[in-house]
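In this note's numbering, the protein residues as written are 312 to 740. Note sheet for the following structure.
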């Protein structure tokens, strides 16, 4: 029976060896040409036992075969039992069946909205539609006939405060059923939470609106019901997250402490402090206005700034202005443009000021001459690449060489930040 069941079974379900043998059989025959023969009427069964030649001579079944084969009437053939199922056969490949169940979330529409106020209004309209479908005729009777005549097709009555509160409570209940389902069922049936439960410190209870609320010591206070007993939420839920983001924008991008304090007047979110901090830190507007400016790392100080020396031994010179001064005292004076030539000592930061009437070379040389006469002869004078200074470099250099003073020009970029080994001025001589 096993072999006959193999022949009538799909070959891809059989083991490799049996599969090849059955395939060879089916190449030359058809499955319906094979029938079941009982063991006692099967000639091939004789030689499978210890039978000698003398015994075969006295066995008609060996020479003539079974009697039903010589009879043309197939009704006399042995009874054909049913085939074995594939799962009951040996040498069958093991099969694994995987069942995937797709669960559709009916509340997936809430993830389309990132503003809690907008989501509340949408839920309020949905609840109004459901209420109208259940009480259609009675609701129409409540509307004034004159008011109905004034309303056009497509007009919608504005949402009332009670409708908005009902929608807000439905969203809060959705959060509780998603993340506090077991606790909700226990409290709904007036049962106590386990002793080690983390919500026990909040003294939770089911309010008149079938919501889990946080108990406290403000039951005798004049505050409203939501403030005395806030609604329990969890920071891991999407609705709680958009509540924080909406309140953050409504409060003009308030900080974590103010945001959490305002929300706790209506809701009590678990891990609310972390969510408030996360909301403010992820706000793009807050990042833009509270960002810290980068403080550049200044370059290395030149050698003359770090070694003690005589005052005005190494000097930097530059012009400031213009400034307006009177050309003379008394009546008829005229304001003329002048400049201030500033000499700064590198060692002690002493400052010497000289008034310069113009930007000519003669005025510059006169200022240096007055400086040397007052402060003494410097070893080095550093300046930038101003046009008045560079243009008159030859004349000034010849003047200073007579006084054994070296003149050095540089660029402002030489003292720019983030340079590790750049002096304050670059030598050009």
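Beta carbons are placed, not taken as given, at the ideal position from N, Cα and C, and that holds for glycine.
Following the DSSP letters along the chain, one finds residue 648 in no alpha helix (DSSP H) but inside the beta strand (DSSP E) bounded by residues 646-656. Going by C-alpha positions, residue 444 is about 39 Å away from residue 504.
The alpha-carbon of residue 557 is positioned some 10 Å away from that of residue 564. By the Cβ rule, the segment 614-623 does not count as touching the segment 569-581, because fewer than three pairs are nearer than 8 Å. Taking 3 residues as the shortest admissible run, the segment 317-392 contains no complete beta strand (DSSP E) segment at all. The segment 597-604 and the segment 628-645 do not touch, with fewer than three beta-carbon pairs separated by less than 8 Å. The three-state reading of DSSP puts residue 622 in coil, since its state is none of H, G, I, E or B.
Secondary structure at residue 527: coil, using DSSP grouped into helix, strand and coil. Taken through DSSP and simplified to helix, strand or coil, residue 665 comes out as strand.
Pairing residue 695 with residue 628, the inter-Cα distance amounts to about 8 Å. Using a C-beta cut-off of 8 Å, the segment 506-522 makes no contact with the segment 544-562, since fewer than three inter-stretch Cβ pairs fall below that distance. With 16 or more other Cβ atoms inside 10 Å of its own Cβ, residue 587 counts as buried. Ranking 345, 655, 474 by CA distance to the CA of residue 313 puts 345 first.
In this structure residue 693 is not in contact with residue 667, their Cβ atoms being roughly 18 Å apart against a cut-off of 8 Å.
Nearest neighbour of residue 427 by Cα position, chosen from 481, 386, 400, turns out to be 481. If you draw a straight line from the Cα of residue 562 to the Cα of residue 552, it is about 16 Å long. According to the DSSP assignment, residue 612 belongs to no beta strand (DSSP E), since it is labelled neither H nor E. Boundaries for residue 545: no alpha helix (DSSP H) harbours it, while the beta strand (DSSP E) harbouring it runs 542-545, taken from the DSSP string.
DSSP lists 524 as the bridge partner or partners of residue 516. DSSP, reduced to helix, strand and coil, places residue 583 within a helical segment of the structure shown. Less than 7 Å divides the Cβ of residue 514 from the Cβ of residue 526.
It is roughly 7 Å from the alpha-carbon of residue 537 to the alpha-carbon of residue 576. A direct Cα-to-Cα measurement between residue 359 and residue 410 gives close to 47 Å. According to DSSP, residue 403 shares a beta bridge with 325. In this model, residue 355 and residue 408 are separated by some 41 Å (Cα to Cα). A distance of 7 Å or more separates the beta carbons of residue 433 and residue 483. Around residue 337, the same chain offers 318, 322 as residues with beta carbons nearer than 8 Å, after the five sequence neighbours per side are excluded. With respect to the 7 Å criterion, residue 652 and residue 665 are classified as neighbours on the basis of their beta carbons. The closest CA to that of residue 478, considering only 497, 676, 654, 441, is found on 441.
In this structure, DSSP gives residue 418 a state outside helix and strand, which the three-state scheme calls coil. DSSP, reduced to helix, strand and coil, places residue 578 within a strand of the structure shown. If you draw a straight line from the Cα of residue 486 to the Cα of residue 599, it comes to about 32 Å.
Separation of the CB atoms of residue 658 and residue 624 is rounded to 7 Å, and the pair is thereby assigned contact status at 8 Å. Taking C-alpha positions only, residue 341 is separated from residue 387 by approximately 22 Å. By the Cβ neighbour-count rule, residue 374 is exposed, with fewer than 16 other Cβ atoms within 10 Å of its own. In this structure, the CA atom of residue 467 is about 10 Å from the CA atom of residue 436.
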